[in-house]
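So the protein sequences, as listed, match chains A and B. Just so it is clear: in the first sequence, position 111 is 111 by this note's numbering, and no numbers are missing. Just so it is clear: in the second sequence, position 23 is 23 by this note's numbering, and no numbers are missing. Remarks on the structure that follows.
Number of protein chains: 2
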Amino acid sequence: MRVSFEELQEEFKRVLLKLSFPNETADTCATIFASNSRDGIYSHGLNRFPVFVRHIQEGVVKPNAVPTLLDKNGAIERWDGNFAPGMANATHSMNRAIELAKENGIGCVAIKNTTHWMRGGTYGWQAADAGCIGICFTNATANMPAWGGNKPVLGNNPLVIAVPRAEGHVVLDMAMSQFSYGKMQEYELKKETLPFPGGYDEHDNLSTDPAAIRKTKLALPIGFWKGSGLSLMLDILAVALSGGQSTAKITQGEYETGISQCFICIHQPDMHTALIEEILAFTKSSAPTSSPKTVCYPGERTLQTRHENEKNGIPVNEEIWQQLKSM
Amino acid sequence: MRVSFEELQEEFKRVLLKLSFPNETADTCATIFASNSRDGIYSHGLNRFPVFVRHIQEGVVKPNAVPTLLDKNGAIERWDGNFAPGMANATHSMNRAIELAKENGIGCVAIKNTTHWMRGGTYGWQAADAGCIGICFTNATANMPAWGGNKPVLGNNPLVIAVPRAEGHVVLDMAMSQFSYGKMQEYELKKETLPFPGGYDEHDNLSTDPAAIRKTKLALPIGFWKGSGLSLMLDILAVALSGGQSTAKITQGEYETGISQCFICIHQPDMHTALIEEILAFTKSSAPTSSPKTVCYPGERTLQTRHENEKNGIPVNEEIWQQLKSM
């Protein structure tokens, strides 16, 4: 079943207003949830909305809170998210980073005590839509081991890098785990094994069994020791800059909340767009001619899905759609 | 055989002065080469010096060139490296980024037409020694496939992230390939296979055979599609910001030169050091008690090696050491 972007957005907004969201916050969050489904990131669109609603009802996310400025040092600002909806906090933070970049060439906003931003790519697209390079990352609950360890101590800490481009922004939205837990669940439900090792089983052996990995919470960092190091650095950066909770602290809590994030924006008049096209053409030239496979740049498939779903409607899980309508 | 840091540094400097390096540039480059050996990065210390000398003699690296400012936009600067020694250009660029960060909280320097910086970590330590967070990256000749392709189109594009810390900086220095070609050569010389797949053989199959991978130049990006995307983004960022050559262009040249790099520095009075210690302690707590293995933070082993080599002398390959002395 497919619904239009507007239907989806309106339903989300209606429910959020009922949950006593201020109009503007409801609008921001409803638009982001609808956009995530429209862009094919179904796990963080409609499918995630019921969990978001539960977190509001349980007081984890505070619909009436707004971020407050803690301190400012040139083109860097530090904010407290006050447990406001993570999407509104992240949108606000990237907006401030865009403003700082437009004033200073580069700007950085760190935020503590925020809540889940849903899909990190959202804020990369936001920066690129404003003509800026955007880099942002978040920490998270521990669900990966560090290299040499056998307990979950690292978050999958998604990293987003976005570069504006007239024909479609280049947007990398990448968690540090080889597979997300959501993706592993999909394989498990289909009773399939992962195409590559995705973590460790209870005997500390590399495994392609999604159920075994979901049990240990030992998802594999990309590139073994390398992703382990990069995940750790992103946590350190987010915490050093925001003064907020680290993965260590977040993991002690009942919910994945009170997280720390960082938004860096760069603006320069000349982004050397012809050179970017040259890079993309060179990269795409490497697809094997004998194969139907293509080489895509980060963000390319998202844009294709967006266009398809704008034309044909957004596919929704009928059960969750009905659940939303009855909320 | 072991030699002292001073002996090594003096020999490097003597040779560089003979090659008509200005005194200050000779000093910078000699110190960096000696530091790389001291820190255990032997591949980019003494062992690399003969190649550097050849590149000077062949006119690839211009000892008398200095970087020139192209334009400035707030806290961002764009420089032309004029094919000066890459270590001097990178040191200068990170210094400018540090100055910009101390003025503006955050600063960014992009440089084009530079030459090999040897070990990226050098400039991370430099930023951290100045009390700043440092982030830098470079592009490079293509030696990895993009996800879905079967030709080398991506550089291993090292990424460095450094955070200052009184007890020893946390410095990640990470190329986008699972194994460097130097590391694969070591395995090949020892007639060993890689512990994990490190690239593709001539039939496009994942392989642990270092010789087969060195032949195809299809080293594996960390995390398959993820490292492929991240390597591409780093090339795009370096080129969009510097206006310099991309991996596509560099790969057409006879030498890996005329490369593009980016240096971002962040300075804030409070780096929340107690919180960083908490992160490191939590991460280190995850080492299995039953095993002699430990969990190290990025930069920890480098510091251990540095201390050992400062105490006992720096291990050198006797043949290359004699070669250096006779230069």
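We put the beta carbon where it would ideally sit given N, CA and C, even for glycine.
Within chain A, the C-beta atoms nearer than 7 Å to that of Met-174/B come from Lys-226, Gly-229 and Leu-230, in chain order. The C-beta of Leu-237/A comes closer than 8 Å to at least one C-beta of chain B. Contact between Ala-34/B and Gly-148/A does not hold, since their C-beta atoms are separated by about 30 Å, which reaches or exceeds 8 Å. Out of Gly-74/B, Met-184/B, Asn-113/B and Arg-96/B, the CA that lies nearest to the CA of Ser-43/B is found in Met-184/B. Fewer than three Cβ pairs drawn from the region 276–290 of chain A and the region 84–91 of chain B lie within less than 8 Å of each other, which leaves the two stretches out of contact.
At a cut-off of 8 Å between beta carbons, Lys-293/B contacts chain A. Taking 8 Å as the CB threshold, Asn-95/B stays off the interface with chain A. Scanning its chain for C-beta atoms nearer than 7 Å, with the 5 sequence neighbours on each side dropped, one finds around Val-3/B the residues Gly-313, Ile-314, Val-316 and Trp-321, in chain order. If you check each beta-carbon in the region 191–216 of chain B against every beta-carbon of chain A, the ones closer than 7 Å belong to Phe-196. Within the same chain, Cβ atoms closer than 6 Å to the Cβ of Thr-208/B are found at Thr-193, Leu-194 and Pro-197, the five residues on either side in sequence being excluded. Gln-268/A is the residue among His-55/A, Gln-268/A, Leu-241/A and Glu-103/A whose C-alpha sits nearest the C-alpha of Asp-71/B.
Per DSSP, the beta-bridge partners of Asn-73/B are Ile-76/B.
With respect to Gly-199/A, Ala-219/A sits close: the two C-beta atoms are nearer than 8 Å. Taking the C-beta atoms as reference points, Leu-172/B is found nearer than 8 Å to Val-160/B. Taking the Cα of Leu-69/A as reference, the smallest distance to any Cα among Glu-254/A, Asn-157/A and Ala-110/A is reached at Ala-110/A. Residue contact check for Gly-243/A against chain B: a CB pair falls below 8 Å. In terms of Cβ geometry, Leu-234/A and Asn-139/A form a close pair [threshold 8 Å]. Non-local beta-carbon contacts of Glu-188/A in its own chain, meaning distances under 8 Å to residues more than five positions away in sequence, involve Pro-210, Ala-211 and Arg-214 in chain order. Collapsing the DSSP output to three states places Leu-241/A in a helix.
Relative to the Cα of Thr-114/B, the nearest Cα in the group Asp-201/B, Asn-36/B and Ala-65/B belongs to Ala-65/B. Residues of the region 175–190 of chain A whose Cβ lies closer than 8 Å to any Cβ of chain B, in chain order: Gln-178. Per DSSP, the unbroken alpha helix (DSSP H) holding Leu-8/A starts and ends at 5–18. In the three-state reduction of the DSSP assignment, Cys-29/A falls in the helix class. Sequence-distant Cβ neighbours of Leu-237/B in its own chain, meaning closer than 8 Å and more than five residues away, are Phe-137 and Cys-262.
CA-CA distance, Asn-143/B to Pro-50/A, rounds to 45 Å. Pairing Pro-63/A with Ser-20/A gives a Cβ-Cβ distance under 8 Å. By the neighbour-count definition (other C-beta atoms within 10 Å, threshold 16), Ser-260/A is a buried residue. In this structure Pro-292/A is exposed. Its beta-carbon is surrounded by fewer than 16 other beta-carbon atoms within 10 angstroms. For Leu-172/B, there is no enclosing alpha helix (DSSP H); the enclosing beta strand (DSSP E) has its first and last residue at 170–174. With respect to chain B, the C-beta atom of Gly-155/A has no partner C-beta closer than 8 Å. The Cβ of Tyr-297/A sits closer than 8 Å to at least one Cβ of chain B. Within the region 146–197 of chain A, the runs of beta strand (DSSP E) at least 3 residues long that lie entirely inside it are, in chain order, 152–154, 159–163 and 170–174. In the structure shown, Ile-259/B adopts extended strand secondary structure according to DSSP, grouped into three states.
With 16 or more other Cβ atoms from the protein chains shown falling within 10 Å of its own Cβ, Arg-119/B counts as buried.
Met-327/B and Val-15/B have their C-alpha atoms some 6 Å from each other. For Thr-302/B, the enclosing alpha helix (DSSP H) stretches over residues 300–312.
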